[in-house]
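All remarks here apply to the structure that follows.
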Amino acid sequence: MFANFLKGFGKIMPKRNTSFEEVAPTRPPKRDTIDPSLIRFTILTNAVSLQIEWVDCLSLHLELDTQAKTLKLFRYPSFCLLMSCTSSQQRSPLSQIFHDSAMYEPSQTRSDHTKSDHASEYFKEVLLTYRLLFGQKPRDSIIFTQLYQKEWSRLPSFSCHPDPLLPRLCGQLWNTDEVRAIYDEIEADDALHQYSSQADFPFLGRSLLALQEYVEGHEPRTFKELWHDGRNTERWWESWTAIVIGALGLFLTFILMLIQVVLQFYQVDLAKQQLAQGNG
-11 MFANFLKGFG
-1 KIMPKRNTSF
9 EEVAPTRPPK
19 RDTIDPSLIR
29 FTILTNAVSL
39 QIEWVDCLSL
49 HLELDTQAKT
59 LKLFRYPSFC
69 LLMSCTSSQQ
79 RSPLSQIFHD
89 SAMYEPSQTR
99 SDHTKSDHAS
109 EYFKEVLLTY
119 RLLFGQKPRD
129 SIIFTQLYQK
139 EWSRLPSFSC
149 HPDPLLPRLC
159 GQLWNTDEVR
169 AIYDEIEADD
179 ALHQYSSQAD
189 FPFLGRSLLA
199 LQEYVEGHEP
209 RTFKELWHDG
219 RNTERWWESW
229 TAIVIGALGL
239 FLTFILMLIQ
249 VVLQFYQVDL
259 AKQQLAQGNG
């Protein structure tokens, strides 16, 4: 009965992607690889100028609004940890509801939901996205901690109902003892330099690829974005070399103009002195 009631709210958990062609045959992603260095927190906020919007709705996690330049992230990771179940003998509570709900679906789609504990896999993926965005490089976790303490903790939504797990997952590296214990609890593998969107993130892979594609297509428009743009080291050095050379050229031009003005004033003054001596 509760499963029928739950279905009235629509899709609560996204469908597990077995192949991108099945989900979006008209526009498949350019590639399957997710590069954490492109979607790090510092790249998103400083090089691309995306604003993080912390939301209460789990289904909005990783939703990218390119017009408003915001990325929505679920602010209650403790809920995902609670609903993640590592035991193969027992389903998590919500997973059992999804399993019961699948029994009301057509037989051709029922097997996809009942093969394994997909709800637990989904909650586990959500937790791993915090590691992907914040926990693989020290600078990302440090900047998160600074912003969380100075700004986000003052917001009513955070001050009234803070999630103690959020600053731990986003404000520390994944391999610290405290955070590693959390990922060990959900039986997560160690962090990698690259991930497969289908194998490692079957639920959220498309959202991560869309975010990565947006970052790759972004062109720096301010000096701040250009300074923090670490996507291409060679291009970064070329850009700043051109800027420095251009700035030096302008500075030298200004110095030469200043010298010319001084010389002209000196010549005018010298001419006046000579004229005065001739008249005398």
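So for the sequence shown, this note's numbering puts the first residue at -11; every next one is plus one.
For every residue, glycine included, the Cβ atom is placed at its ideal position computed from N, Cα and C.
Looking only at C-alpha atoms, which of Phe62, Phe67 and Ile40 sits nearest to Thr54? Ile40
Just reading off the alpha helix (DSSP H) that Thr133 is part of, what are its end residues? Pro126 to Lys138
Minimum C-alpha distance to Glu175 - residue among Glu113, Asn34 and Tyr136: Glu113
May I ask you to check if the CB of Asp53 is nearer than 6 Å to at least one heavy atom of the ligand MN? Absent from the structure shown: the ligand MN. Ligands present: none.
For Leu69, the three-state DSSP class (helix, strand or coil): helix
So, is His181 buried or exposed, given that buried needs 16 or more other C-beta atoms within 10 angstroms? exposed
At a cut of 8 Å, does the stretch 193 to 207 reach the stretch 29 to 37 through at least three beta carbon pairs? yes
Is it the case that the Cβ atoms of Leu59 and Tyr118 are separated by a distance below 7 Å? no
Quick one: measure Cβ to Cβ for Arg63 and Leu154, integer angstroms, because I've assumed they're closer than 8 Å. 6 Å
Can you tell me which of the three DSSP states Tyr118 falls into? helix
Out of Pro2, Arg19, Arg4 and Lys3, which one is the CA nearest neighbour of Phe197? As written in the sequence, residue 197 is Leu, which differs from the Phe given in the question. For Leu197, the nearest C-alpha among the options comes from Arg19.
For Tyr254, the three-state DSSP class (helix, strand or coil): helix
Which partner residues does Ile22 have in the DSSP bridge list? Tyr183
Reference His49; option with closest CA among Ser195, Gln186 and Leu238: Ser195
Going by the CB atoms, is the gap between Cys45 and Phe111 shorter than 7 Å? no
Output the distance between the C-alpha atoms of Gly237 and Leu244, rounded to the nearest integer angstrom. 11 Å
Contact belief for Asp128 with Thr21 at Cβ below 8 Å, rounded distance in angstroms: Rounded, the Cβ-Cβ distance is 20 Å, inconsistent with contact.
Below 8 Å on the Cβ atoms is my guess for Leu121 versus Arg28; work out the distance and round it to an integer in Å. 7 Å
Would a C-beta distance cut-off of 7 Å place Leu161 and Gly123 closer than the cut-off? yes
Nearest-angstrom Cα distance between Lys103 and Glu109? Only weak support exists for where Lys103 lies, its pLDDT of 47 falling under 50; the coordinates are left without a value.
Just to confirm, are Phe132 and Gly159 a CB contact at a threshold of 7 Å? yes
Burial state of Ile247, where buried means 16 or more other Cβ atoms lie within 10 Å: exposed
How big is the Cα-Cα spacing for Phe239 and Glu166? 52 Å
Gln39: first and last residue of the uninterrupted beta strand (DSSP E) it sits in: Gln39 to Val43
Within the same chain, show all residues whose beta-carbon is closer than 6 Å to that of His106, passing over the 5 residues directly before and after it, in chain order. Arg4
Expressed to the nearest angstrom, what Euclidean distance is found between the alpha-carbon atoms of Leu26 and Thr241? 39 Å
Mapping the DSSP letters down to three states, classify Thr58 as helix, strand or coil. strand
On the premise that Pro65 lies in contact with Asp151, defined as a C-beta separation below 8 Å, what is that separation, rounded to the nearest angstrom? 6 Å
Three-way DSSP call (helix, strand, coil) for Leu157 in this model: helix
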